[in-house]
Structure formats: C-alpha cells, structure tokens
Amino acid sequence: MPPGPLKSQAWVLLADLFLQHWRMRFQAFERTTSYGVPYNTSVEFNKTIQEGAALTANHLRDQADHCPNQRFVLSGLSKGAMVMHSTKLENDIKSKVLAVLVFGDPWRPIGDFNNSWPIDSPLINLNPRNGTLNTENVISFCNVGDTICETGTADPNSIPLPHLVYPTDGSVGIAVAFVRSKVQQ
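Start counting at 1 in the sequence shown, then tack on 45, and there's your number in my numbering.
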C-alpha cells in the first residue's frame, strides 16, 4: 500500500467494509465465527505479509487445538490474498481448510504463486463469476480493470476503482454460495 494517511484510511475503510459484508453474508451459516487477522498493513510488504501469515497459522493451530472438528474457510483481499499465499500450515491443519477465497490478488499474475495455497491439493478457479465446480477449492476474483491483480502492478498514487469494489460488486455473494456448496458436500 502506498504511504500516506489518506491512502491508509482508504484501505482501512475498504477492509472494514469487506469484513462487514463478509460477516453479514455468513450469518446465515449456523455455528460460524469470523476472525480478521490483526496484521500490520503498512508499506513494509514482505515483513508484514510474513507476520500476517504467521498470525494466521498460529490462530488456526489454536482453533484446531481447542475445537478439533472445526473446519476453516480462509479469505484475503488484496494484501490479505498475499498473506494467504504465504501462510504455511501443518498438514493436519491444512486438511481442515474447506476453501480459500481471494479478491484482487496482487500475486495472481505470477504463476509461481498459483500453487502456494494453505489447502490440500489446490484446484483453482480464476473466474468464479462464470460458475464453480465441486472439485475446486480456491477461487480468485479479479475485476476487469483491476491492474493490481490483472498485471501485478499499481500506480502508487492511485488505486484503481475496480480494486475497491469487491465488497459490493457481487463477489462476496458468489464466494458465499461457493462456501455453502463446500459445507454441504
């Protein structure tokens, strides 16, 4: 994320909006909880991505220890998608992950990252708006015109509008339907 107070506030608002929409949609599922990983979203990308990944892995380990039958759905928006790619889970935890959902993934165009997911045998759908298959367990949303996930580049002075609309453009609803299909399998 580019430095500067306005950009920081914009990203905080986007993340809050995304989490609110996410929680509202998942209230329909019985016995679910959500957890926003409290990692630093400053410009120290590599350091903070690794910190977020470690926090995620530790939280999942703690949850699994306290509730061994618990299953997980992991999600990340923008830098949060990079955190998902970087999260290294032990095999017993990885087997509890039902799905990984990412939105505006800056590492999407980099082929090496397409298999780095915290889930067993990742089967990735790069265009979930056209439907999903029961065998898929990773979906990645990238809006047309979102250069952050289309090309992996961004103007540090301007976040493209298509990168900001994932909470409200129908993507969350598609992701929730995908998760519902996973829970019902």
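Beta carbons: idealized from backbone N, C-alpha and C, even for Gly.
Assuming residue i contacts residue j (C-beta within less than 8 Å), just tell me the rounded distance between them.
i, j, result
"L209", "I184", "19 Å between Cβ atoms; not a contact."
"R106", "I138", "6 Å"
"V82", "L100", "5 Å"
"A98", "K141", "The Cβ separation is near 17 Å, so there is no contact."
Is DSSP giving residue i helix, strand or coil here?
i, result
"A144", "strand"
"S185", "strand"
"L206", "helix"
"S161", "coil"
"S120", "strand"
"I193", "helix"
"D150", "coil"
"I138", "helix"
"N170", "strand"
With burial defined as no fewer than 16 other Cβ atoms inside 10 Å of the residue's Cβ, what is the status of residue i: buried or exposed?
i, result
"R225", "exposed"
"N172", "exposed"
"K92", "exposed"
"V57", "Since pLDDT at V57 reaches only 45, below the 50 mark, its modelled position is unreliable, and the value read off the structure follows with that caveat. So V57 counts as exposed."
Among the options, which residue has its Cα nearest to the Cα of residue i?
i, options, result
"P163", "N114, A126, G81, A222", "A126"
"A102", "Q230, W152, K133", "K133"
"D191", "P207, D214, N179", "P207"
"P167", "F90, L100, N85, H130", "H130"
"A220", "I204, F186, E195, D200", "F186"
"E89", "R116, K124, R153", "K124"
"I204", "T213, I193, P212", "I193"
Return the chain-ordered ranges of every alpha helix (DSSP H) run that is complete within the stretch 76-106 and spans a minimum of 4 residues.
none
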